[in-house]
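Trainee: Protein sequence lines, in the order shown, are assigned to chains A and B.
Every letter in the first sequence is one number past the one before it in this note's numbering, and letter 199, counting from 1, is 199.
Every letter in the second sequence is one number past the one before it in this note's numbering, and letter 165, counting from 1, is 491.
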Amino acid sequence: MIVDIPRFMAAERPYWDELGALLDRMDTEPERRLALAEIARLHYLYERCSAGLARLDTFSTDPALRGVLETLVSRAYSEIHETREPQKIRWKALALGFPRAFRRRLGAFQLSLGITLLGCAFGWFAIRMDPHSKAVLMPFEHLLHSPAERVHEEESVKSDRLSGAKASFSAELMTHNIQVTVVTLAMGMTWGVGTLILLFYNGVILGAVAADYIAAGFGTFLTGWLLPHGSIEIPAILLGGQGGFILAGALIGWGGRTSRSDRLRAIAPDLFAIVAGAAVMLVWAGMVEAFISQYHKPVVPYGLKIAFGACELAALTAYLGWAGRE
Amino acid sequence: MKPARPSRLSIETPEGVVFSFELATPVTRALAWAVDAAAIAFAGMLLAQVGKLVSKVSPDVAGAISVAGYFAISVVYAIVLEWRWRGQTIGKRLFGLRVIDMHGLRLQLPQIAIRSLLRFVDMLPFFYLVGGLTAVFSRNCQRLGDMAANTIVTRERKAETPDLERIAPAKYNSLLGQPHLAARLRSLVTPGVAALAVRAVTLRDGYDPRARIALFRELAAHFRSLVEFPEEAVENLTDEQYVRSVLRVIYGRGDSAHSH
Numbered sequence: 001m002i003v004d005i006p007r008f009m010a011a012e013r014p015y016w017d018e019l020g021a022l023l024d025r026m027d028t029e030p031e032r033r034l035a036l037a038e039i040a041r042l043h044y045l046y047e048r049c050s051a052g053l054a055r056l057d058t059f060s061t062d063p064a065l066r067g068v069l070e071t072l073v074s075r076a077y078s079e080i081h082e083t084r085e086p087q088k089i090r091w092k093a094l095a096l097g098f099p100r101a102f103r104r105r106l107g108a109f110q111l112s113l114g115i116t117l118l119g120c121a122f123g124w125f126a127i128r129m130d131p132h133s134k135a136v137l138m139p140f141e142h143l144l145h146s147p148a149e150r151v152h153e154e155e156s157v158k159s160d161r162l163s164g165a166k167a168s169f170s171a172e173l174m175t176h177n178i179q180v181t182v183v184t185l186a187m188g189m190t191w192g193v194g195t196l197i198l199l200f201y202n203g204v205i206l207g208a209v210a211a212d213y214i215a216a217g218f219g220t221f222l223t224g225w226l227l228p229h230g231s232i233e234i235p236a237i238l239l240g241g242q243g244g245f246i247l248a249g250a251l252i253g254w255g256g257r258t259s260r261s262d263r264l265r266a267i268a269p270d271l272f273a274i275v276a277g278a279a280v281m282l283v284w285a286g287m288v289e290a291f292i293s294q295y296h297k298p299v300v301p302y303g304l305k306i307a308f309g310a311c312e313l314a315a316l317t318a319y320l321g322w323a324g325r326e
Numbered sequence: 327m328k329p330a331r332p333s334r335l336s337i338e339t340p341e342g343v344v345f346s347f348e349l350a351t352p353v354t355r356a357l358a359w360a361v362d363a364a365a366i367a368f369a370g371m372l373l374a375q376v377g378k379l380v381s382k383v384s385p386d387v388a389g390a391i392s393v394a395g396y397f398a399i400s401v402v403y404a405i406v407l408e409w410r411w412r413g414q415t416i417g418k419r420l421f422g423l424r425v426i427d428m429h430g431l432r433l434q435l436p437q438i439a440i441r442s443l444l445r446f447v448d449m450l451p452f453f454y455l456v457g458g459l460t461a462v463f464s465r466n467c468q469r470l471g472d473m474a475a476n477t478i479v480t481r482e483r484k485a486e487t488p489d490l491e492r493i494a495p496a497k498y499n500s501l502l503g504q505p506h507l508a509a510r511l512r513s514l515v516t517p518g519v520a521a522l523a524v525r526a527v528t529l530r531d532g533y534d535p536r537a538r539i540a541l542f543r544e545l546a547a548h549f550r551s552l553v554e555f556p557e558e559a560v561e562n563l564t565d566e567q568y569v570r571s572v573l574r575v576i577y578g579r580g581d582s583a584h585s586h
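Shown next, in the form of structure tokens:
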């Protein structure tokens with residue numbers, strides 16, 4: 001059979017134009033819901049164009065005509081065969097979607113927490129066994145001094161060191177921590193190895209600092225310094241790790257029969273909710289760290305700072321544990 | 327020998343119809359990225375101007391705006407534009423590229439966000455080395471972000487019809503006097519050969535005369551081998567005229583012998 005292109009085009013062109021116009025309208029008005037009759041018409045036009053494309057595939061050639069039909073069929077296909085809800089930014093849904101995603105993927109979070117705790121234990125014992133390893137384990141210069149010197153310095157400070165620089169310091173903390181969290185998540189693409197290393201290393205630093213200050217008898221100072229921002233910042237980085245392990249789990253796909261592509265498709269909404277939630281948490285943590293954490297006794301009593309941090313942690317636990325439960 | 331990597335991604339619908347997308351090459355993507363990087367830098371410059379104004383009131387807040395603002399722009403630039411423009415940024419628009427779902431479905435916000443956030447790894451250790459190498463070696467030219475998000479970057483197809491009046495002027499075309507044979511010829515010529523013939527006619531003046539004669543002889547011989555027209559329809563036609571007549575048959579959708 002040979003397709004008579006002029007006749008074929010004359011007969012089919014009105015349907016192609018109609019389908020093109022309908023798809024353009026759907027592009028420009030994404031919020032609009034189609035009426036049942038419009039959906040039926042869209043389906044009819046899609047099938048008609050598909051049939052036309054199949055005829056051209058089998059019997060004829062005209063690169064431009066084929067291109068036009070392929071474009072139309074692919075656009076209509078994406079509208080008709082898409083079963084996922086169109087994603088709209090609804091703040092309430094996002095606020096509840098985050099804790100739901102967290103709970104759905106709790107195993108990955110537990111893994112993230114476990115590896116960080118292992119790192120903490122390693123850092124703790126490394127400092128206790130070999131105090132000279134501090135220079136290797138601690139990445140920041142101000143942590144290399146002796147805890148006693150630092151506490152004395154912080155508690156006897158007469159002027160506000162951060163005066164006129166709190167907002168920019170806060171912005172630097174936010175951007176740095178968000179970057180660390182996103183990289184921890186993205187490293188899931190190394191089958192989780194990169195995520196694991198980053199979490200373990202974070203844990204080592206945390207454990208080493210804790211061992212250093214607690215051994216020197218400054219546990220209260222340490223808690224008052226870290227808890228206000230750390231109660232949000234550390235869980236946010238753990239959430240990054242959770243995301244990384246979710247990604248790694250989808251890549252590896254133990255025991256499942258679905259394709260890698262389907263597994264990655266299935267985790268995308270949860271991954272998005274978790275990373276968005278963690279980013280918001282880090283904005284808050286950055287503000288707290290710049291405006292509260294850097295002030296010590298006698299400016300802000302440690303009891304107050306610790307109570308504030310504990311309240312934040314309790315609120316976060318309640319939110320992630322119960323918000324959006326059905 | 328290792329088979330060449332496909333330059334298209336074909337999707338078969340449940341109705342059994344196949345359509346395909348042309349994959350964007352790493353080089354085109356790099357160029358689009360360079361444009362986007364310039365756009366982000368420009369936005370950063372605008373932000374710096376805002377910072378200058380704010381610094382008259384509070385240098386601290388100005389510093390915060392420039393640090394957080396630049397970071398926010400560099401992270402959300404691609405997410406917002408690809409979401410609002412259905413898979414395109416300024417650079418991708420300029421180079422005719424578009425991010426699409428790997429299964430041809432509608433692109434979702436989480437997919438866009440994931441592919442953008444994974445840039446942090448794709449950019450390692452410098453100049454997108456990880457992402458670039460992954461794109462070069464992956465089957466569908468995907469960087470890590472594309473793999474995680476199930477997306478591909480395609481070249482948008484422009485349904486261009488060649489300038490018929492230039493390559494095959496609308497004068498009497500004896501092949502169209504044989505409508506059944508013309509239709510058969512149209513059905514047998516592959517898109518690749520048709521595109522080659524258009525290119526040969528378009529660039530004819532740039533060829534060495536002998537090479538041009540040889541090229542058109544070869545093309546005409548190929549077309550003649552597909553369909554044999556009666557002697558009276560093709561007599562006195564040079565090889566080049568024959569090729570031009572064939573192109574008119576292929577692309578001149580509404581033509582008939584009488585209209586010329």
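Even glycine gets a Cβ: it sits at the ideal position worked out from N, Cα and C.
1) Which term fits A:F125, buried or exposed, when burial requires 16 or more other beta carbons within 10 angstroms of its beta carbon?
2) Do you know how far the Cα of B:D427 is from the Cα of A:A37?
3) For B:R432 and chain A, any beta-carbon pair shorter than 7 Å?
4) Using a Cβ-Cβ cut-off of 7 Å, state whether B:P436 counts as contacting chain A.
5) Shorter than 7 Å from the beta carbon of B:H586 to some beta carbon of chain A?
6) Taking its Cβ as the centre, do 16 or more other Cβ atoms sit within 10 Å of A:G164, making it buried, or is it exposed?
7) Could you check whether the region 282–290 of chain A touches the region 169–179 of chain A, counting it as contact only if at least three pairs of C-beta atoms, one from each stretch, sit closer than 8 Å?
8) Smallest Cα separation from A:A208: which of A:A11, A:P298, A:K92 and A:R128?
9) Helix, strand or coil, according to DSSP, for A:D130 in the structure here?
10) Strictly under 7 Å for the Cβ-Cβ distance: is A:G164 near chain B by that measure?
11) Applying the criterion that 16 or more other CB atoms from any shown protein chain within 10 Å of the CB defines a buried residue, is A:Y44 buried or exposed?
12) Who are B:R424's beta bridge partners in DSSP?
13) With respect to the alpha helix (DSSP H) encompassing B:F542, which residues constitute its N-terminal and C-terminal limits?
14) If we require 3 or more residues per run, which beta strand (DSSP E) segments fall completely within the region 108–176 of chain A?
15) Mapping DSSP to helix, strand and coil, what is A:V300?
16) With three or more C-beta pairs closer than 8 Å as the rule, is the region 238–250 of chain A touching the region 218–228 of chain A?
17) So, is the C-beta of A:V183 closer than 7 Å to a C-beta in chain B?
18) Which partner residues does B:I337 have in the DSSP bridge list?
19) Along the alpha helix (DSSP H) that carries B:L373, what are the first and last residues, could you check?
20) Can B:A390 and B:V380 be called in contact, C-beta distance under 7 Å?
21) Using only the heavy atoms of the ligand SAM, determine whether one of them is closer than 6 Å to the beta carbon of A:Y213.
22) Could you tell me whether the region 417–431 of chain B touches the region 356–372 of chain B, where touching means 3 or more Cβ pairs closer than 8 Å?
23) Quick check: what's the CA-CA separation for B:L373 versus A:L19?
24) Thinking B:F549 and B:Q504 are a contact (beta carbons under 8 Å), I'd like their distance in whole angstroms, please.
25) Give me the Cα-Cα distance between B:F452 and B:I416, rounded to the nearest whole angstrom.
26) Does any CB atom of chain B fall closer than 7 Å to the CB of A:R265?
27) Please identify the residue among A:A148, A:M187 and A:L144 whose C-alpha is closest to the C-alpha of B:L456.
28) Along the chain, where does the alpha helix (DSSP H) containing B:T516 start, and where does it finish?
29) Identify every run of the alpha helix (DSSP H) within the region 237–283 of chain A, keeping only runs that are complete inside it and at least 4 residues long; order them along the chain.
30) Check each residue of the region 452–467 of chain B: if its Cβ is closer than 8 Å to any Cβ of chain A, include it; give the result in chain order.
31) For the pair the region 518–530 of chain B and the region 552–570 of chain B, tell me if three or more CB-CB distances fall below 8 Å.
32) When the Cα of A:P147 is compared with those of A:A216, A:R13 and A:G309, which residue comes out closest?
33) Counting only beta-carbon separations shorter than 7 Å, does A:Y213 have a partner in chain B?
34) I'd like the span of the alpha helix (DSSP H) that includes A:M189, first residue to last.
35) Report the option in B:L529, B:R538, B:E544 and B:A508 whose CA atom is closest to the CA atom of B:L573.
36) Whole angstroms are fine: how far does the CA of B:F542 sit from the CA of B:A439?
Mentor: Inspection of the coordinates gives the following:
1) exposed
2) 27 Å
3) yes
4) yes
5) Because the pLDDT at B:H586 is just 37, under 50, the model does not fix this residue reliably, and the value given afterwards should be weighed accordingly. Not an interface residue.
6) exposed
7) yes
8) A:R128
9) coil
10) yes
11) exposed
12) B:T480
13) P535 to L552
14) none
15) coil
16) no
17) yes
18) B:F345
19) P352 to S381
20) no
21) Absence of the ligand SAM from the depicted structure is noted, as is the absence of any ligand whatsoever, leaving it without description.
22) yes
23) 43 Å
24) Contact flag wrong, Cβ pair sits at about 13 Å.
25) 23 Å
26) yes
27) Here residue 456 of chain B turns out to be Val, not Leu, going by the sequence shown. Ranking the options by Cα distance to B:V456, first place goes to A:M187.
28) No alpha helix (DSSP H) holds B:T516; DSSP gives it neither H nor E.
29) none
30) none
31) yes
32) A:A216
33) no
34) A:M189 -> no alpha helix (DSSP H), and no H or E assigned at all.
35) B:A508
36) 51 Å
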